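Down below is the structure, laid out as structure tokens.
2 protein chains.
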Amino acid sequence: MAQISFSRRVRRTPFSEGVEAAGVKAYTVYNRMLLPTVFESVEYDYRHLKDHVQVWDVAVERQVELRGPDAGRLMQMLTPRDLRGVLPGRCAYVPIVDETGGMLNDPVAVKLAEDRWWISIADSDLLFWVKGVAQGYRLDVLVDEPDVSPLAVQGPKAEELMVRVFGDTIRDVRFFRFGMFEFEGRQLAVARSGYSKQGGFEIYVEGSDLGMPLWNRLFEAGEDLQVRAGCPNLIERIESGLLSYGNDMTDDNTPHECGLGRFCDTATAIGCVGRDALLRVAKEGPVQQIRPISIEGEIPACDRVWPIYGNGKRVGQVTSAAWSPDFETNVAIGMVKMTHWDPGTTIEVETQDGMRLARVEETFWN
Amino acid sequence: MAQISFSRRVRRTPFSEGVEAAGVKAYTVYNRMLLPTVFESVEYDYRHLKDHVQVWDVAVERQVELRGPDAGRLMQMLTPRDLRGVLPGRCAYVPIVDETGGMLNDPVAVKLAEDRWWISIADSDLLFWVKGVAQGYRLDVLVDEPDVSPLAVQGPKAEELMVRVFGDTIRDVRFFRFGMFEFEGRQLAVARSGYSKQGGFEIYVEGSDLGMPLWNRLFEAGEDLQVRAGCPNLIERIESGLLSYGNDMTDDNTPHECGLGRFCDTATAIGCVGRDALLRVAKEGPVQQIRPISIEGEIPACDRVWPIYGNGKRVGQVTSAAWSPDFETNVAIGMVKMTHWDPGTTIEVETQDGMRLARVEETFWN
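Structure below.
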């Protein structure tokens, strides 16, 4: 166990005061900002998330804003997903790739208007790639990081809590859509989305000054719902098959390897800088792919790549793993070669504490 | 106090095993990788660094490699420093700026050959900006992150220790130059450089497999020199005026504001994408600048921007601060407006624990 050192460089969020008052026990750093990882314990937080409602400081989902006449063109250059069908008011999960088809991020893009997008990023300085491309192609677009910090409300009672703060019309927001809702006289985008499969919303808090007032309002309104401070939960997100950029995939991987081929329209995504590179993999399919894996025995924290062996040869790697109380097995996410990716295949996983028997599963657990 | 959570995303380094065995107590995350911050205590580590020799895992100084016919052209596009005088075998501190003149990083560039550079980066994904620019301008160059992890040897006995491992000729390496030295049959670049003012070297360990063998060799060879595992020390680096990207400057700042105007040759750095934007600031000078500041009274950890007030108005911000045992004051780094930047000016600094009296100093302490 080791402490985390604080400095300005590892940025606090508009909700940090609330997170500290709630007794946060551990953090990670994500997009050079503090992301809580544990309040009571990972298992306690998990149980509570599945039964009640939690408020999550996910300000680390920084936004890259594209604004101007070339915003749409630039957005399409970034992703192999054909964006022509994405209308204002919609969110879209968009793999971002470089010219080799390697993934640079796997964000949710929010189309605010024809000439204005937010890219709600995973853990990489996507801003730099987007600025570099915009500069190199001399596009007529402003690219920057606005003062927008997402706050997630997740869990089976999330809708009930949101209704109390934003009113009944929040029920009409469909999955991966957003609406504009008033809070303290300001309009905030609220989407039905979030990094769990327990249901819920993400509020794009525009203006740091609104952070603690909104945090406090949610806790006041949710007292009888047993609302607690929470955070993306390692166990729940693995059970649900929610990938983590930097853990389960990096710029070494194509979207197809990550099971994201359905978000790649290589035939029609004209302008995407990685399109040429992805044409072949789209046609022939990847040689390795993300798979759910169950691991036997006791396992340590998955803080590094765990090589996977099949018949004595290296055939992949596990990159996220945790004990699941609900499914009574170690749930894991790994990248497995074609020769060993069929469900039911027995493999071995090399942890820092030794080799473990494991099995490729048919589907994720949730 | 809070723990740090480990995951693959927050990368281990080739030296992590040694760092753990040495009893690391705290980490920060830097370039999405673990950077130790405390072994015994910040004050104990500080005293030892000034008296003896330390081995630092600074693998977080990731390299961006430029290789190919356009490597030199691309390198000059990134920085307002005129690189024509930088010969192979030299290191150069190069502010990196975007098209607005805002700093994206403040790395040391290592010129390996006419067509090959390493940029040894501070805390931002500079790789993405460089790749984006190279792609947009369709340059004939390969840009990637090689398997190179710097290991620093710092402190007054650093040269003595390095001689024992690499031989007497290490003495001939001048400041900010590097030479190629053999270790276990492989050639490693060794520069006289490092993020302290106690003297020392940085070894660019090419090949993760060499990490622990080199770590162990240094500790065996330095036992009677009282060698210890260490890390960039908060107190020492503030005393020495060593700026930290993300703490003391961000992309909001020009190099001139950071006191780096002497590294900007805006008249002759033809091709730099930020040159136009910097011409005016180069001519007129900045309106705010980095200053050494001493603060009275007890101060908490500087984990956020501390506003500076002069005559009741906001005139800047402190971004790094620590108690200095040797100079018996709180040493600090801040950005101060022209109206209040003269040495001797009395100001007030607002910490999270309240207002403190402070003073703009003439020079840094070391």
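Those protein sequence lines, which keep their order, are chains A and B.
Per this note's numbering, the very first residue in the first sequence carries number 1; after that it's consecutive.
Per this note's numbering, the very first residue in the second sequence carries number 367; after that it's consecutive.
Cβ atoms here follow ideal geometry from the backbone N, Cα and C, with glycine treated the same way.
As the structure is a computational prediction, the values presented were derived from the model and not from experiment.
query: How would you list, in chain order, the residues of chain A whose beta-carbon sits under 8 angstroms from the beta-carbon of Y503 of chain B?
result: Locating residue 503 of chain B in the second sequence gives position 137, counting from the first residue. Chain A residues near Y503 of chain B: G136.
- Item | Counterpart residues of P307 of chain A in DSSP-defined beta bridges | Mapped onto the first sequence, residue 307 of chain A falls at position 307. The partner list for P307 of chain A (beta bridge, DSSP) reads A:Q317.
Coil, strand or helix - A425 of chain B by DSSP: For the purposes of this step, residue 425 of chain B is taken as residue 59 along the second sequence, with counting starting at 1. DSSP places A425 of chain B in coil when its eight states are reduced to three.
task: Please report the residue range of the alpha helix (DSSP H) in which D417 of chain B lies.
output: Here residue 417 of chain B refers to the residue found at position 51 of the second sequence. Per DSSP, D417 of chain B belongs to the alpha helix (DSSP H) from 408-417.
Using the rule of at least 16 other Cβ atoms within 10 Å of the residue's Cβ for burial, across every protein chain shown, is A113 of chain A buried or exposed?
The sequence position of residue 113 of chain A within the first sequence is 113, counting from 1. Burial call: exposed.
Starting from C457 of chain B, follow its DSSP beta bridges and name the residues at the other end. Indexing the second sequence from 1 puts residue 457 of chain B at position 91. Per DSSP, B:V476.
field: Extent of the continuous beta strand (DSSP E) to which K739 of chain B belongs
entry: Look at the range of chain B in this structure, 367 to 732, and you will see that residue 739 of chain B is not part of it.
> Going by other Cβ atoms of all chains shown within 10 Å of its Cβ, with 16 needed for buried, is V653 of chain B buried or exposed?
Replying inline: Along the second sequence, one-based indexing puts residue 653 of chain B at 287. So V653 of chain B ends up on the exposed side.
- Indicate whether V726 of chain B and T705 of chain B have their beta-carbon atoms separated by less than 9 angstroms. Here residue 726 of chain B refers to the residue found at position 360 when the second sequence is read from its first residue. Here residue 705 of chain B refers to the residue found at position 339 when the second sequence is read from its first residue. No.
_Inter-stretch contact (C-beta, 8 angstroms, three-pair minimum) for the region 570-579 of chain B and the region 506-520 of chain B_ = yes
Subject >> First through last residue of the alpha helix (DSSP H) which encompasses M578 of chain B >> reply: As a working note, residue 578 of chain B is residue 212 in the second sequence. Residues 577-587.
Query raised in the report: With a Cβ-Cβ cutoff of 9 angstroms, do G468 of chain B and G640 of chain B count as a contact?
Result: Counted from its first residue, the second sequence places residue 468 of chain B at position 102. Counted from its first residue, the second sequence places residue 640 of chain B at position 274. Yes.
Exercise for review: Taking a Cβ distance cut-off of 8 angstroms, strictly less, list which residues of the region 294-324 of chain A are near chain B, in chain order.
Suggested key: A301, C302, D303, R304, V305, T319, S320
At the level of alpha carbons, what is the spacing between W341 of chain A and P292 of chain A? Indexing the first sequence from 1 puts residue 341 of chain A at position 341. Indexing the first sequence from 1 puts residue 292 of chain A at position 292. Using only the alpha carbons, I get a separation of about 10 angstroms.
*Residues of chain A with a CB under 7 angstroms from the CB of R375 of chain B: which are they?*
Working through the second sequence from its first residue, we reach residue 375 of chain B at position 9. Chain A residues near R375 of chain B: D123, S244, G246, N247.
Could you name the residues of the same chain whose beta carbon sits closer than 8 angstroms to that of S324 of chain A, not counting the 5 residues immediately before and after it, in chain order?
Locating residue 324 of chain A in the first sequence gives position 324, where the first residue counts as 1. Contacts found: I235, I238, E239, N330, V331, W365.
* chain B partners of D98 of chain A, CB-CB under 9 angstroms? -> In the first sequence, residue 98 of chain A corresponds to position 98, counting from 1. Here the neighbours are F494, K497, G498, Q501.
Q. When the cut-off is 9 angstroms and only beta carbons count, does L554 of chain B lie next to chain A?
A. By 1-based counting over the second sequence, the position of residue 554 of chain B is 188. No, no contact with chain A.
First and last residue of the uninterrupted beta strand (DSSP E) at R116 of chain A:
The sequence position of residue 116 of chain A within the first sequence is 116, counting from 1. Taken as a continuous stretch (DSSP letters only), the beta strand (DSSP E) holding R116 of chain A covers 116-120.
Local conformation of D224 of chain A per DSSP, three classes: As a working mapping, residue 224 of chain A is identified with position 224 in the first sequence. Reduced to three states, the DSSP call for D224 of chain A is helix.
Against M162 of chain A, what residues of chain B qualify as contacts under a CB-to-CB distance less than 7 angstroms, listed in chain order?
Position 162 of the first sequence, counted from the first residue, corresponds to residue 162 of chain A. What M162 of chain A touches in chain B: nothing, since even the nearest Cβ is about 28 angstroms away.
* Check whether the Cβ of V64 of chain A lies closer than 9 angstroms to any Cβ atom in chain B. => Taking the first residue of the first sequence as 1, we reach residue 64 of chain A at position 64. V64 of chain A does not count as touching chain B.
- Is the distance from the Cβ of C638 of chain B to the Cβ of Q442 of chain B below 9 angstroms? In the second sequence, counting from the first residue as 1, residue 638 of chain B sits at position 272. In the second sequence, counting from the first residue as 1, residue 442 of chain B sits at position 76. Taking 9 angstroms as the Cβ cut-off, C638 of chain B and Q442 of chain B qualify as a contacting pair.
Exercise for review: Kindly say whether K391 of chain B, judged by its beta-carbon, lies nearer than 9 angstroms to any beta-carbon of chain A.
Suggested key: Residue 391 of chain B sits at position 25 when you count from the first residue of the second sequence. Taking Cβ atoms only, chain A reaches closer than 9 angstroms to K391 of chain B, which makes this a yes.
On the premise that D353 of chain A lies in contact with P300 of chain A, defined as a C-beta separation below 8 angstroms, what is that separation, rounded to the nearest angstrom? By 1-based counting over the first sequence, the position of residue 300 of chain A is 300. By 1-based counting over the first sequence, the position of residue 353 of chain A is 353. Indeed, because the Cβ distance is near 5 angstroms, the residues count as touching under 8 angstroms.
Exercise for the section: Would you mind stating whether L508 of chain B and G434 of chain B have Cβ atoms separated by less than 9 angstroms? Expected result: Translated into the one-based positions of the second sequence, residue 508 of chain B becomes position 142. Translated into the one-based positions of the second sequence, residue 434 of chain B becomes position 68. Taking 9 angstroms as the Cβ cut-off, L508 of chain B and G434 of chain B qualify as a contacting pair.
Thinking C-alpha only, which one of A:D98, A:R186, A:K25, A:F175 is nearest A500 of chain B? The sequence position of residue 500 of chain B within the second sequence is 134, counting from 1. Comparing Cα positions, the closest option is A:D98.
**Report entry** Close beta carbons around F544 of chain B, own chain, < 7 angstroms, minus the five adjacent residues each side
**Finding:** For this step, residue 544 of chain B is matched to residue 178 along the second sequence. Closer than 7 angstroms at Cβ, skipping near neighbours: G455, C457, V476, A555, V556, A557.
Selected residue, minimal CA-CA separation from L260 of chain A, among A:D82, A:P95, A:F176, A:V58 | As a position in the first sequence, residue 260 of chain A is number 260, starting the count at 1. Here the closest residue by C-alpha is A:P95.
task = Return yes when the Cβ of P343 of chain A is within less than 9 angstroms of the Cβ of E328 of chain A, no when it is not.
result = In the first sequence, counting from the first residue as 1, residue 328 of chain A sits at position 328. In the first sequence, counting from the first residue as 1, residue 343 of chain A sits at position 343. The answer is no: Cβ separation not under 9 angstroms.
**Study point:** Per-residue DSSP class, three states only, for R138 of chain A
**Key:** Position 138 of the first sequence, counted from the start, is the residue given in the question as residue 138 of chain A. Looking at R138 of chain A - three-state DSSP - the assignment turns out to be coil, as it is neither helix nor strand.
- request: Starting from S371 of chain B, find everything on chain A with Cβ-Cβ shorter than 8 angstroms and list it in chain order.
  value: In the second sequence, counting from the first residue as 1, residue 371 of chain B sits at position 5. The contacting residues are A26, Y27, T28, T37, V38.
### Message
Taking DSSP's pairing of strands, which residues face G354 of chain A in a bridge?
### Response
Start at 1 with the first residue of the first sequence, and residue 354 of chain A comes out as number 354. Looking at the DSSP assignment, G354 of chain A forms a beta bridge with A:T351.
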